[in-house]
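Heads up: the structure comes next, in structure tokens.
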Amino acid sequence: MKKIAVILSGCGVFDGAEIHEAVLTLLNIELQGASYQCFAPNIDQHHVINHITGEEMSEKRNVLVESARIARGEIKDLKELNISEFDALALPGGFGAAKNLCDFALKGADCEINEDVANACRAFADAKKPAAYICIAPTIIPQVYAAGTLATIGNDLDTANGVNALGAAHQNCAVNDIIVDESAKVISTPAYMLATNIREAASGIEKAIAQLVKMS
């Protein structure tokens, strides 16, 4: 059975992992006959957002602890990820991917990637093991892979320009489709960068995970 490492970035679309995308990722891994282990960096979130009002809250939350909500407690510190135990990697989106795993949402093309995230993602890249980046998570691709690696966040011009400025080659993509860089073994799909409902998000994620397992 193929085993997929999944990196989460908290719990909640505005300050962590997008919950629908995370659950759909885990579901489709199992539907493809593979298994998964969730990981997250043991760091504070950039901030905490009230998901009813959209306002920032005056409290701190830990990315690993919050991600454990989605993983039902079955999660490990990202520092513990041993690439030899896994066949592929998946990163669901949500603003946590661009606030906690890296700070693209805050600094754009001047962003930096969390050290543990960089080490894990680059290990998969160096080993030529496939990886799927979903929604806003493809902004991490040019921080991991060689210049010119194909990636998509859908068709938002400003975000696409930021991805290109970091060194990737952005491709516009429909919500129900994927972009595959065969050489780098990197898959990306827009999900909620374009989706207006969970069914639309599921359509691209299903294809991305199917391709991920096929390539692993």
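According to this note's numbering, the sequence shown is numbered sequentially starting from 4.
Yeah, the Cβ is synthetic: ideal placement off N, Cα and C, and Gly gets one too.
Using only the alpha-carbon positions, how far apart do residue 101 and residue 4 sit?
The alpha-carbon atoms of residue 101 and residue 4 are separated by roughly 31 angstroms.
Quick check: what's the CA-CA separation for residue 91 versus residue 14?
22 angstroms
Pair within 8 angstroms by beta-carbon distance, residue 215 and residue 133
Yes; because the gap between Cβ atoms is below 8 angstroms, this pair is in contact.
Nearest to residue 219 by alpha carbon, out of 200, 205 and 187?
187
Suppose contacts are defined by Cβ-Cβ distances below 8 angstroms. Is residue 210 in contact with residue 180 by that definition?
By the CB criterion at 8 angstroms, residue 210 and residue 180 fall inside the cutoff.
Where residue 184 and residue 136 are concerned, what is the direct C-alpha to C-alpha distance, given to the nearest angstrom?
12 angstroms
Inspect the CB distances between the region 41 to 54 and the region 63 to 71 and report whether three or more fall short of 8 angstroms.
yes
Counted within 10 angstroms of its Cβ, other Cβ atoms place residue 10 as buried (16 or more) or exposed:
Classification for residue 10: buried.
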